[in-house]
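Peer 1: The structure follows.
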Amino acid sequence: MSCSAEYECESNALTMKSGRSKAPPTNSSGWEYLLTATVLLLVCLRAWYPLGRIVGGTVFPGLMLTSGSIHYMLHSLNIPVHIREICVFLAPFFSGLTAIATFLLTKELWSHGAGLFAAAFISIVPGYISRSVAGSYDNEGIAIFALQFTYFLWIRSVKTGSIFWSVMTALSYSYMVSAWGGYVFIINLIPLHIFVLLLMGRFNSRMFIAYNVFFIMGLILSMQTPFVGFQPVRTSEHMAAMGVFILLNAYASICFMYSLLSKQHAGYLMLILTLVFVFVGLNIIALLTYLGVIAPWSGRFYSLWNTEYAKIHIPIISSVSEHQPTNWVAFFFDLHVLVASFPAGLWFCCKNLNDVRIFAILYSITAVYFAGVMIRLMLTLTPVVCVLAGITFSSIFKRYLYDEAAERTLMLHGLQRRKASHQDQSRSKDRTMYDKAGKLRKPLQLECAEAREQILSTCPDDDFGTLKTIIIATMLLLLSMFVVHCTWITSNAYSSPSVVLAYYNNDGSRTILDDFREAYFWLRKNTPDQARVMSWWDYGYQIAGMANRTTLVDNNTWNNSHIALVGKAMASTEREAYKIMLALDVDYVLVIFGGMIGYSGDDINKFLWMVRIAEGEHPKDIRENDYFNDEGDFRVDNAGSSVLLNCLMYKLSYYRFGDFQLDYRVPAGFDRARNTVIGNKKFNLEHLEEAFTSEHWLVRIYKVKKPRNMDSIPKSERVFEHKRSKPYSKANNKGRGLLMNEGTAVKGRRSNRI
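Spelled out as structure tokens, the structure:
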């Protein structure tokens with residue numbers, strides 16, 4: 010078995026993966042194993058050499074199990090579909106299910122019309138389509154459907170108080186747990202909803218039943234995922250759900266006792282029990298946290314509250330581009346006109362408040378905050394933006410497309426029918442003369458005249474009709490622009506594979522840069538099958554999946570110390586790095602260099618993150634300040650730090666680059682990615698040799714030289730030094746004598762005993 014279940018789905022043909030992250034193009038042979046064996050027991054020896062990786066405890070199995078289940082069902086129906094094809098089209102298939110789930114959720118919150126708008130929005134919005142294009146085989150591809158469907162089922166359970174809907178919510182939540190780590194958002198948002206309802210005095214039996222059933226079943230089911238295990242009862246990010254569960258049941262008990270006691274005694278009892286509950290609960294949580302029973306917030310979740318925490322203490326989290334704060338341009342890029350319509354939908358929910366719309370308000374506020382902290386969480390903001398934008402557009406069109414003239418005509422006809430009916434009743438012989446005394450009413454003629462006058466007075470003038478036309482035309486124009494924007498973004502930003510780069514020339518023609526696949530193909534065909542490749546973790550999945558070679562680190566990032574060791578090797582001198590590479594049995598080193606073509610995402614621009622991660626584990630050997638010059642600048646030219654200009658990463662990136670003049674307008678060794686001339690041009694490699702450089706110098710591969718044997722010195726040049734032992738005597742029996750005396754080699758090989 011050559012690869013882990015994190016990779017197990019795509020082969021070299023599956024290179025259409027798009028999006029902002031380098032997710033796994035993989036080896037399909039792993040899925041063939043998965044279809045006949047238990048993935049949770051699989052140990053991958055192709056990754057994280059020499060440690061290996063236990064797959065069941067380091068991945069969410071939902072994605073692989075979903076693909077395998079679909080494959081099994083189709084083959085049971087005699088539909089011969091390859092697992093690779095299922096992996097390619099899994100995300101688009103689930104995007105359709107996401108649109109349906111969004112429609113159901115919005116329908117429960119507002120109306121059918123709003124649900125249709127929301128489903129249309131989420132089907133094409135760039136914020137979600139980045140993870141739902143064909144070939145995007147990633148956890149988020151199925152997780153957003155599970156997220157929306159869980160919220161829909163929760164809304165149904167709160168509205169009905171049905172145990173059935175609560176059980177369905179727990180089942181959907183358990184599927185979400187198996188699919189993506191974002192399940193923590195659900196298990197904190199739903200308790201927040203209950204807590205706010207309690208604060209607003211909206212406690213009822215429906216929410217009591219819904220939350221109790223959901224929490225108990227969801228807790229048990231979520232612990233069945235091996236990667237999660239006992240985290241729901243032992244980590245801080247799950248404690249809010251348990252606290253709300255206890256609070257809800259305590260409040261229900263107090264309400265029950267309140268109904269049995271007098272008002273005065275019940276008030277005292279409620280106050281005393283509340284104080285006792287808060288005091289005891291806080292002390293228990295503090296004690297369990299101090300004893301280590303409850304783990305503190307993990308670094309990734311704690312960084313959502315303290316944005317500087319990860320950068321200082323866990324730099325590997327901040328080194329991921331998707332974990333950076335979101336800039337304002339990204340909101341317009343991924344949401345377009347929905348950004349402006351989203352607050353209006355929030356206002357409509359606040360204006361027409363009920364229990365379920367409070368959930369939508371909390372969902373939107375928390376999602377906006379988290380999306381602003383981490384750009385990856387734009388994925389959780391997009392669904393609720395589509396929901397509230399659907400409410401906005403539905404309300405506007407309902408207001409201004411309503412045919413008031415037809416309604417007035419129907420009302421006038423109704424008055425006429427009522428008048429005629431009254432006249433028929435007055436002529437009827439069966440008319441009773443013994444009606445009960447009641448409230449005196451106006452004569453029917455006068456009542457109909459007043460109603461007619463009121464109906465006709467509501468006729469809008471011509472200015473209002475013109476205003477309606479302008480508003481409807483503006484809304485249609487905005488929707489048209491939204492469709493054009495989504496189409497353009499999808500085509501240009503999210504439909505290109507991450508392993509194939511492209512750029513447009515001045516004449517409009519497009520040039521393809523296929524250096525990644527070229528390098529991985531070379532690795533597969535020209536290196537031994539057991540060759541071990543050292544690179545930064547960003548490229549671990551691609552090397553394992555497309556080159557089928559053993560890697561030291563990959564995108565799973567489960568072992569920070571091992572990544573730090575690779576970072577230390579990259580940041581050390583060649584001689585020191587060679588010792589690390591020999592200890593790790595490294596055969597080849599792969600680096601990404603963008604100085605030739607101006608590619609800004611190369612390893613030099615990522616180098617400071619390697620230094621920071623290595624410094625966290627090896628502070629005595631690696632210090633970030635050593636890689637800045639005296640002015641505090643990180644430079645690769647003559648003004649750069651001598652430590653930087655002589656480290657392994659610098660040499661592997663710029664080896665032989667100083668001999669090339671890319672343009673007559675710039676000197677030799679001009680780095681287009683950093684717009685400067687490199688400072689160290691003339692150097693040779695002592696322990697590595699260049700094995701492969703791609704066409705555009707984007708990928709460079711070096712072979713690690715094997716250690717040499719000791720030099721052989723001619724026998725005539727060898728020098729020995731003999732130590733004379735004291736002669737043996739009874740007084741001194743520690744002497745070794747001449748026979749046991751050995752010569753010490755000063756120069757040359759070790760001598761024979763004399």
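The sequence shown runs 10 to 763 under this note's numbering.
Note that beta-carbon positions come from the ideal geometry of N, C-alpha and C, so glycine has one too.
1. Any idea what DSSP makes of Arg519, helix, strand or coil?
2. Alpha carbon to alpha carbon, how far is Pro324 from Leu206? Give it in angstroms, no decimals.
3. Take the Cβ of Lys691 as the centre, count every other Cβ of all protein chains shown within 10 Å, and call the residue buried at 16 or more, exposed below.
4. My output table needs one value for Met543: the three-state DSSP class, helix, strand or coil.
5. Whole angstroms are fine: how far does the CA of Ser171 sit from the CA of Ala808?
6. Check for me: the alpha helix (DSSP H) holding Arg385 runs from which residue to which?
7. Mind checking whether Val708 and Ala511 have CB atoms under 9 Å apart?
8. Using CA coordinates, which residue listed in Ala295, Ile263, Ser268 is at the minimum distance from Ile281?
9. Return the chain-ordered list of same chain residues with a C-beta closer than 8 Å to the C-beta of Phe236, the five sequence neighbours on each side being excluded.
10. Looking at the unbroken beta strand (DSSP E) that takes in Thr115, where does it start and where does it end?
11. For the beta strand (DSSP E) containing Ala682, name the first residue and the last one.
12. How would you label Pro135, buried or exposed, when you count the other beta carbons within 10 angstroms and need 16 or more for buried?
13. So what's Leu561 in DSSP terms, helix, strand or just coil?
14. Contact check, Phe294 vs His247 under 8 Å by CB: the rounded distance?
15. DSSP three-state label for Leu697, please.
16. With distances taken between CB atoms, is the gap from Asp563 to Tyr550 smaller than 9 Å?
17. Between the C-alpha atoms of Phe194 and Phe491, what's the straight-line distance to the nearest angstrom?
18. Which residues does DSSP pair with Ile601 in a beta bridge?
19. Please determine if the stretch 380-399 and the stretch 221-230 are in contact, where contact requires at least 3 C-beta pairs separated by less than 8 Å.
20. Between the alpha carbons of Phe701 and Val396, how many angstroms are there, rounded?
21. Here's a check: name, in chain order, each residue in its chain whose Cβ is nearer than 6 Å to the Cβ of Cys656, leaving out the five neighbours to either side.
22. Buried or exposed for Glu117, going by 16 or more other Cβ atoms inside 10 Å?
23. Can you find the residues in the same chain that come closer than 6 Å, C-beta to C-beta, to Ile95, ignoring five residues on each side of it along the sequence?
24. On the premise that Tyr409 lies in contact with Ile480, defined as a C-beta separation below 8 Å, what is that separation, rounded to the nearest angstrom?
25. Hey, quick one: how far does the beta strand (DSSP E) through Ala511 stretch, first residue to last?
26. For Gly607, which option in Trp706, Leu488, Trp174, Leu269 has the closest C-alpha, if you only look at C-alpha atoms?
27. Rounded to whole angstroms, what is the Cα-Cα separation between Ser166 and Ala682?
28. Using the Cβ count rule (16 or more neighbours within 10 Å means buried), how would you classify Val508?
29. Which stretch, first to last residue, makes up the alpha helix (DSSP H) that contains Gly65?
30. Would you tell me roughly how many angstroms separate the C-alpha atoms of Cys18 and Gly649, rounded to the nearest one?
31. Distance check for Val598 and Arg584, CA to CA, integer angstroms please.
32. Just the C-alpha distance for Gly227 and Ser175, rounded to the nearest angstrom, thanks.
33. Report all residues from its chain with a CB closer than 6 Å to the CB of Pro200; omit the five preceding and five following residues, and keep chain order.
34. Looking only at its own chain, which residues have a Cβ that is under 7 Å from the Cβ of Val329, when we skip the five neighbours before and after it?
35. Is it right to say Tyr299 is buried, meaning 16 or more other beta carbons lie within 10 angstroms of its own, or is it exposed?
36. What is the C-beta distance between Ala556 and Arg533, in whole angstroms, given that I count them as a contact (C-beta under 8 Å)?
Peer 2: For this structure:
1. The sequence position of residue 519 within the sequence shown is 510, counting from 1. Strand, per DSSP.
2. Counted from its first residue, the sequence shown places residue 206 at position 197. Counted from its first residue, the sequence shown places residue 324 at position 315. Straight-line Cα distance between these residues: approximately 39 Å.
3. To locate residue 691, count along the sequence shown from 1; it is residue 682. That one is exposed.
4. As a working mapping, residue 543 is identified with position 534 in the sequence shown. If DSSP states are grouped into helix, strand and coil, Met543 belongs with the strands.
5. As shown, the chain starts at 10 and ends at 763. That puts residue 808 outside it, with no answer to give.
6. Indexing the sequence shown from 1 puts residue 385 at position 376. Arg385 -> no alpha helix (DSSP H), and no H or E assigned at all.
7. Residue 708 sits at position 699 when you count from the first residue of the sequence shown. Residue 511 sits at position 502 when you count from the first residue of the sequence shown. Cβ distance not < 9 Å, so Val708 and Ala511 don't count as in contact.
8. Position 272 of the sequence shown, counted from the start, is the residue given in the question as residue 281. Closest by alpha carbon: Ile263.
9. Locating residue 236 in the sequence shown gives position 227, where the first residue counts as 1. If we look at Phe236 and ignore the five residues flanking it on each side, its Cβ neighbours are Gly65, Gly66, Thr67, Val68, Phe69, Pro70.
10. What you label residue 115 is simply residue 106 of the sequence shown in a count that begins at 1. It is not in any beta strand (DSSP E) - Thr115 instead sits in the alpha helix (DSSP H) that spans 92-118.
11. As a working mapping, residue 682 is identified with position 673 in the sequence shown. It is not in any beta strand (DSSP E) - Ala682 carries neither H nor E in the DSSP assignment.
12. Locating residue 135 in the sequence shown gives position 126, counting from the first residue. By the 10 Å Cβ count, Pro135 comes out buried.
13. The residue labelled residue 561 in the question sits at position 552 within the sequence shown. Here Leu561 sits in coil by DSSP.
14. Walking along the sequence shown from the start, residue 294 turns up at place 285. Walking along the sequence shown from the start, residue 247 turns up at place 238. Note on identity: in this sequence residue 294 is Ile, with Phe being the wrong assignment. About 12 Å separates the two Cβ atoms, so there is no contact after all.
15. Translated into the one-based positions of the sequence shown, residue 697 becomes position 688. If DSSP states are grouped into helix, strand and coil, Leu697 belongs with the strands.
16. Your numbering for residue 563 matches position 554 in the sequence shown. Your numbering for residue 550 matches position 541 in the sequence shown. Yes. Within cutoff.
17. Reading the sequence shown from its first residue, position 185 is the one you call residue 194. Reading the sequence shown from its first residue, position 482 is the one you call residue 491. Pairing Phe194 with Phe491, the inter-Cα distance amounts to about 29 Å.
18. Indexing the sequence shown from 1 puts residue 601 at position 592. BP columns for Ile601 point to Val708.
19. no
20. Against the sequence shown, residue 701 aligns to sequence position 692. Against the sequence shown, residue 396 aligns to sequence position 387. Answer to the nearest angstrom: the Cα atoms are 51 Å apart.
21. Looking up residue 656 in the sequence shown gives position 647. Here Cys656 has Ala580 as same chain residues with Cβ atoms under 6 Å from its own Cβ, once five neighbours each way along the sequence are excluded.
22. Taking the first residue of the sequence shown as position 1, residue 117 is located at position 108. So Glu117 ends up on the buried side.
23. Residue numbering aside, residue 95 sits at position 86 when the sequence shown is read from its first letter. Closer than 6 Å at Cβ, skipping near neighbours: Ser76, Ile79, His80.
24. By one-based count along the sequence shown, residue 480 stands at place 471. By one-based count along the sequence shown, residue 409 stands at place 400. The beta-carbon distance between Ile480 and Tyr409, rounded to whole angstroms, is 5 Å. This is short enough to meet the 8 Å contact definition.
25. Taking the first residue of the sequence shown as 1, we reach residue 511 at position 502. For Ala511, the enclosing beta strand (DSSP E) has its first and last residue at 510-513.
26. Stepping through the sequence shown from its first residue, residue 607 is reached at position 598. Minimum Cα distance to Gly607 is reached at Trp706.
27. Along the sequence shown, one-based indexing puts residue 166 at 157. Along the sequence shown, one-based indexing puts residue 682 at 673. If I take the Cα positions, the gap works out to 55 Å.
28. By 1-based counting over the sequence shown, the position of residue 508 is 499. Classification of Val508: buried, given that the 10 Å Cβ count is 16 or more.
29. As a working note, residue 65 is residue 56 in the sequence shown. Counting along the chain, Gly65 falls outside any alpha helix (DSSP H), and DSSP gives it neither H nor E.
30. Looking up residue 18 in the sequence shown gives position 9. Looking up residue 649 in the sequence shown gives position 640. With a pLDDT of only 39 at Cys18, under 50, the local geometry of the prediction cannot be trusted, and the value read off the model is given with reservation. Rounded to whole angstroms, Cys18 to Gly649 spans 44 Å at the Cα level.
31. Counting from one through the sequence shown, the residue named residue 584 turns up at place 575. Counting from one through the sequence shown, the residue named residue 598 turns up at place 589. Cα to Cα, the separation comes out at about 15 Å.
32. Numbered from its first residue, the sequence shown carries residue 227 at position 218. Numbered from its first residue, the sequence shown carries residue 175 at position 166. Taking the straight line joining both Cα atoms gives about 10 Å.
33. On the sequence shown, residue 200 is found 191 positions in, with the first residue counted as 1. Non-local beta-carbon contacts of Pro200 in its own chain, meaning distances under 6 Å to residues more than five positions away in sequence, involve Ala249, Ala250, Val253 in chain order.
34. Mapped onto the sequence shown, residue 329 falls at position 320. No residues qualify anywhere along the chain.
35. Here the question's residue 299 lines up with position 290 in the sequence shown. Classification of Tyr299: exposed, given that the 10 Å Cβ count is below 16.
36. If you number the sequence shown from 1, residue 556 lands on position 547. If you number the sequence shown from 1, residue 533 lands on position 524. Right, their Cβ atoms sit about 5 Å apart.
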